[in-house]
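There are 2 protein chains.
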Amino acid sequence: MDHDAVRWLDEDQQWAWRRFLEGTSRFFEALGDAHDEGLPVTLGEYHLLVQLSEAPERALRMSALADFLALSRSRLTHTVDRMEKRGLVTREPVPGDRRGVRCVMTDAGYDALVAAAPGHVTAVRRLLVDVLDADEMTTLGRAMSKVAHAAKGAE
Amino acid sequence: MDHDAVRWLDEDQQWAWRRFLEGTSRFFEALGDAHDEGLPVTLGEYHLLVQLSEAPERALRMSALADFLALSRSRLTHTVDRMEKRGLVTREPVPGDRRGVRCVMTDAGYDALVAAAPGHVTAVRRLLVDVLDADEMTTLGRAMSKVAHAAKGAE
DNA sequence: CCAAGATAGTTGAGCCCTCAACTATCGCGG
DNA sequence: CCGCGATAGTTGAGGGCTCAACTATCTTGG
Numbered sequence: 001m002d003h004d005a006v007r008w009l010d011e012d013q014q015w016a017w018r019r020f021l022e023g024t025s026r027f028f029e030a031l032g033d034a035h036d037e038g039l040p041v042t043l044g045e046y047h048l049l050v051q052l053s054e055a056p057e058r059a060l061r062m063s064a065l066a067d068f069l070a071l072s073r074s075r076l077t078h079t080v081d082r083m084e085k086r087g088l089v090t091r092e093p094v095p096g097d098r099r100g101v102r103c104v105m106t107d108a109g110y111d112a113l114v115a116a117a118p119g120h121v122t123a124v125r126r127l128l129v130d131v132l133d134a135d136e137m138t139t140l141g142r143a144m145s146k147v148a149h150a151a152k153g154a155e
Numbered sequence: 001m002d003h004d005a006v007r008w009l010d011e012d013q014q015w016a017w018r019r020f021l022e023g024t025s026r027f028f029e030a031l032g033d034a035h036d037e038g039l040p041v042t043l044g045e046y047h048l049l050v051q052l053s054e055a056p057e058r059a060l061r062m063s064a065l066a067d068f069l070a071l072s073r074s075r076l077t078h079t080v081d082r083m084e085k086r087g088l089v090t091r092e093p094v095p096g097d098r099r100g101v102r103c104v105m106t107d108a109g110y111d112a113l114v115a116a117a118p119g120h121v122t123a124v125r126r127l128l129v130d131v132l133d134a135d136e137m138t139t140l141g142r143a144m145s146k147v148a149h150a151a152k153g154a155e
């Protein structure tokens with residue numbers, strides 16, 4: 001790539017980009033810590049359980065879960081392995097497609113979700129929602145929605 | 001934590017929070033991919049080299065680097081180990097504090113930074129900067145700056 | 001109806017990160 | 001000026017993630 005042809009970032013862009021980098025890094029570290037200190041599931045496991053809790057019959061096939069959570073299939077397989085061992089989810093065949101696997105939330109998984117939710121939401125408020133005013137939160141949502149779309153198109 | 005006392009997120013907050021989650025996840029995955037496919041250093045190594053390039057004598061002590069990059073000391077030690085083996089940085093004693101270690105960028109490190117910069121900036125534009133309008137970018141920067149501060153206070 | 005490519009998911013090796021324990025040095029209160 | 005808590009950085013074991021290879025099943029064009 002030609003160095004002279006690159007459109008470098010101007011000062012404002014550079015500033016915003018670096019705040020984004022630092023902010024996301026520190027935010028996810030702190031949120032992860034909140035889960036590790038006192039909640040029964042990690043942040044990633046929590047998001048997985050949330051997706052299942054909102055699905056019909058509290059079950060989704062692996063590929064759908066991977067897509068919703070933006071995880072690689074391999075990573076999801078490993079994560080579900082661990083959660084299955086702890087009794088939070090089970091695996092079942094998908095009716096009508098013998099390649100497929102349905103991941104189903106158990107009652108213990110639901111209990112873990114319910115137990116983790118207050119601490120999780122409290123941390124998300126403390127670290128993000130309550131730190132921003134409503135306009136900033138809305139703009140953040142809209143902006144990141146665009147970003148997600150751009151990144152998805154680039155896959 | 002009492003379930004009934006929790007201030008849950010309203011619908012708009014929930015929406016924005018989920019867009020933020022998905023957006024950051026997909027963004028960093030795509031940016032990491034851009035580095036893995038064709039650039040001589042990973043995203044993390046790139047950020048480390050950027051910090052060094054802006055420091056006097058292209059050197060910083062480990063603790064300062066860890067702080068700027070929001071990395072644990074241990075992680076930084078391991079990362080610098082690997083980069084040192086590849087000749088991108090070297091370690092030197094800090095004059096006046098025999099506990100300290102200065103991490104110094106080599107010429108090869110500088111070359112790697114220069115080689116990676118165009119691809120990096122192009123990807124950041126494609127995935128973030130050019131996707132947002134100027135107002136959104138500014139708000140994003142200000143918002144994440146607040147978030148970084150909140151997370152830092154919580155350490 | 002079948003061959004070839006696409007899709008679903010798993011596997012295991014290797015790499016990177018985390019965590020706790022450790023060494024070494026600094027600096028301050030008494 | 002000494003003892004002790006704080007600070008700087010490293011180490012290695014353990015665990016999670018990535019990547020490529022693999023099996024199994026589905027689907028589609030001819």
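Protein sequence lines correspond, in order, to chains C and L.
Following UniProt numbering, the numbering of the first sequence begins with 1 at its first residue and continues without gaps.
Following UniProt numbering, the numbering of the second sequence begins with 1 at its first residue and continues without gaps.
The C-beta atom is built at its ideal place from N, Cα and C for all residues, glycine as well.
Note that this is a predicted model, so its numbers are computed, not measured.
Start-to-end residues for the alpha helix (DSSP H) that takes in residue i
i                      : result
residue 52 of chain L  : 43-54
residue 153 of chain L : 134-153
residue 97 of chain L  : Segment 97-105 is the beta strand (DSSP E) holding residue 97 of chain L; no alpha helix (DSSP H) there.
residue 80 of chain L  : 73-85
Endpoints, the beta strand (DSSP E) within which residue i is located
i                     : result
residue 23 of chain C : Where residue 23 of chain C is concerned, there is no enclosing beta strand (DSSP E), although the alpha helix (DSSP H) it sits in stretches over 11-36.
residue 60 of chain C : 59-61
residue 93 of chain L : 89-94
Option nearest residue i by Cα separation, candidates the options
i                      : options                       : result
residue 91 of chain C  : C:45, C:80, C:9 and C:27      : C:80
residue 8 of chain L   : C:121, C:153 and C:132        : C:121
residue 100 of chain C : C:27, C:2 and C:73            : C:73
residue 3 of chain L   : C:138, C:128, C:134 and C:117 : C:117
residue 16 of chain C  : L:86, L:124 and L:153         : L:124
residue 128 of chain L : C:151, C:129 and C:108        : C:151
residue 47 of chain L  : L:12, L:19, L:83 and L:37     : L:83
residue 97 of chain L  : L:42, L:11, L:61 and L:20     : L:61
residue 103 of chain L : L:71, L:77 and L:130          : L:77
residue 10 of chain L  : C:153, C:130 and C:146        : C:130
Chain-ordered neighbours of residue i on chain L, where CB pairs are closer than 8 Å
i                      : result
residue 125 of chain C : 7 and 9
residue 70 of chain C  : 22, 25, 26 and 29
Whole-angstrom C-beta distance between residue j and residue i, which should lie under 8 Å
i                      : j                      : result
residue 106 of chain L : residue 94 of chain L  : Not confirmed; about 18 Å, so no contact.
residue 39 of chain L  : residue 51 of chain L  : Not confirmed; about 17 Å, so no contact.
residue 148 of chain L : residue 22 of chain C  : 5 Å
residue 69 of chain L  : residue 112 of chain L : Actually they are not in contact, since the Cβ atoms of residue 69 of chain L and residue 112 of chain L sit about 17 Å apart, beyond 8 Å.
Proximal chain L residues relative to residue i, where beta-carbon distance stays under 7 Å
i                      : result
residue 137 of chain C : 13 and 16
residue 85 of chain C  : By Cβ distance, chain L contributes nothing, its closest Cβ being about 25 Å from residue 85 of chain C, past 7 Å.
Contacts of residue i in chain C (Cβ-Cβ under 7 Å)
i                      : result
residue 147 of chain L : 23, 27, 127, 128 and 131
residue 141 of chain L : 15, 16, 19 and 20
Contacts that residue i makes with chain C (C-beta to C-beta distance below 9 Å)
i                     : result
residue 64 of chain L : Within chain C, no residue comes near residue 64 of chain L; the closest Cβ sits about 15 Å away, beyond 9 Å.
Within chain C, the residues that residue i reaches when beta carbons sit closer than 8 Å
i                      : result
residue 56 of chain L  : Under the 8 Å cutoff, chain C gives no residues; its nearest Cβ is about 19 Å from residue 56 of chain L.
residue 3 of chain L   : 114, 117 and 118
residue 108 of chain L : Neighbours of residue 108 of chain L on chain C: none; closest Cβ ~18 Å, over 8 Å.
Proximal residues of chain L, C-beta to C-beta of residue i below 9 Å
i                      : result
residue 121 of chain C : 6, 7, 8 and 9
residue 105 of chain C : Residues of chain L passing the Cβ test: none, with the nearest at roughly 19 Å.
Residue i Cβ short of 7 Å to the ligand PLP heavy atom set
i                     : result
residue 50 of chain L : Within the structure as shown, the ligand PLP is missing, as the structure has no ligands at all.
If we count Cβ pairs, one from each stretch, closer than 8 Å, do we get three or more for the stretch 52-59 of chain C versus the stretch 17-30 of chain C? no
Between the stretch 134-147 of chain L and the stretch 132-147 of chain C, are three or more C-beta pairs nearer than 8 Å? yes
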